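The numbers in the numbering used here rise by one with no breaks, and the one at position 29 of the sequence shown is 399.
Just so it is clear, CB atoms sit at the ideal spot from N, CA and C, and this is done for glycine as well.
This one's a predicted model, so the numbers in the text were calculated from it and none came from an experiment.
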Amino acid sequence: LFYIIFESVRSSLIVFAAMLLFGVTIKGSVLSILFLIAIYSAGATGMGMILSVIARSQEQYMSIGMIVTLPTMFLAGVFLPIETMPQALQGLAKALPITYAADAMRGVMIKGFELGMVMPDILFLLAFAMLTIALSILLFKRELL
371 LFYIIFESVR
381 SSLIVFAAML
391 LFGVTIKGSV
401 LSILFLIAIY
411 SAGATGMGMI
421 LSVIARSQEQ
431 YMSIGMIVTL
441 PTMFLAGVFL
451 PIETMPQALQ
461 GLAKALPITY
471 AADAMRGVMI
481 KGFELGMVMP
491 DILFLLAFAM
501 LTIALSILLF
511 KRELL
C-alpha cells in the first residue's frame, strides 16, 4: 500500500510540475487524473513486487526495471504515436498497461474526457492491478515457504 501511495504522489507531482513549469493546461478533472494515476500505480507496484521475487539481487532488480521501463514507454506511444509503429509493435503496444494509462491520461488531460469515456482503459488497468497484486502475493507466500 505504501508504494502505491508513494507512486501516486510522485506521479501527481510530475503532472502538477508540468502544469506550473510548462504551462500545461488540464481540460479534465484533476480528481479523474488522480484516480487514473492511483490505479496505474497499483498495477505498476504489483509488477514491481513480482519482479522483486524473481530477481536474485537488488542490482538484478534494478537492471530488469531499466531494461523494461524505457522500451515500454516507447511502445506505449509516450514518445511517438503507436500508429506510426510497425504492425507487430502496435500489437505489442496494445498489450501493455502503460498504453492504456497514457491513453486515458491524454483523454482526460488534453481532451477533457470524463472517466466514463475512458472506461475500457480503466477496466484494463484495474484488471492488471488486481492480477499483478494477487500474483505477487502468491509468489511472496511461495517464496516464504
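Best match in the options for proximity to residue i [C-alpha to C-alpha]
i	options	result
PHE392	ILE384, GLY398 and THR469	ILE384
PHE405	GLN460, SER506, GLY447 and GLU484	GLU484
ALA414	PHE510, ALA499, GLY461 and GLN430	ALA499
PRO490	ASP473, LYS481 and ALA425	ASP473
SER378	ALA471, GLY477 and LEU505	ALA471
Burial state of residue i, where buried means 16 or more other Cβ atoms lie within 10 Å
i	result
ALA388	exposed
VAL488	buried
LEU466	buried
LEU515	exposed
MET479	buried
PHE376	exposed
LEU495	buried
GLY482	exposed
Straight-line gap, residue i to residue j (C-alpha atoms, nearest Å)
i	j	result
ILE492	MET475	10 Å
VAL438	LYS397	31 Å
GLY435	SER411	15 Å
SER433	ALA458	26 Å
ILE507	GLU513	10 Å
ILE424	ILE503	14 Å
THR395	GLY486	21 Å
LEU501	LEU390	35 Å
GLY477	LEU401	14 Å
GLN460	LEU440	16 Å
TYR431	LEU505	17 Å
THR450	ILE403	Looking at the sequence itself, residue 450 is Leu, so the reference to Thr does not match. The straight-line gap from Cα to Cα measures roughly 22 Å.
MET443	SER399	24 Å
7 Å Cβ shell around residue i - same chain, five flanking residues per side excluded
i	result
ALA463	LEU445, ALA446, GLY447, ILE452, MET455 and THR469
LEU509	ILE420 and VAL423
MET417	THR502
PHE386	none
Whole-Å CB distance - residue i paired with residue j, under 8 Å assumed
i	j	result
ILE407	SER381	5 Å
Closer than 9 Å to chain B by CB, residue i
i	result
GLY482	In the structure shown, chain B does not exist; there is a single protein chain.
Contacts around residue i, its chain only, beta-carbon distance under 6 Å, and the 5 residues preceding and following it disregarded
i	result
ILE374	SER411, ALA412 and THR415
GLN550	Lying outside 371 to 515, the shown extent of the chain, residue 550 is not represented and no answer is given.
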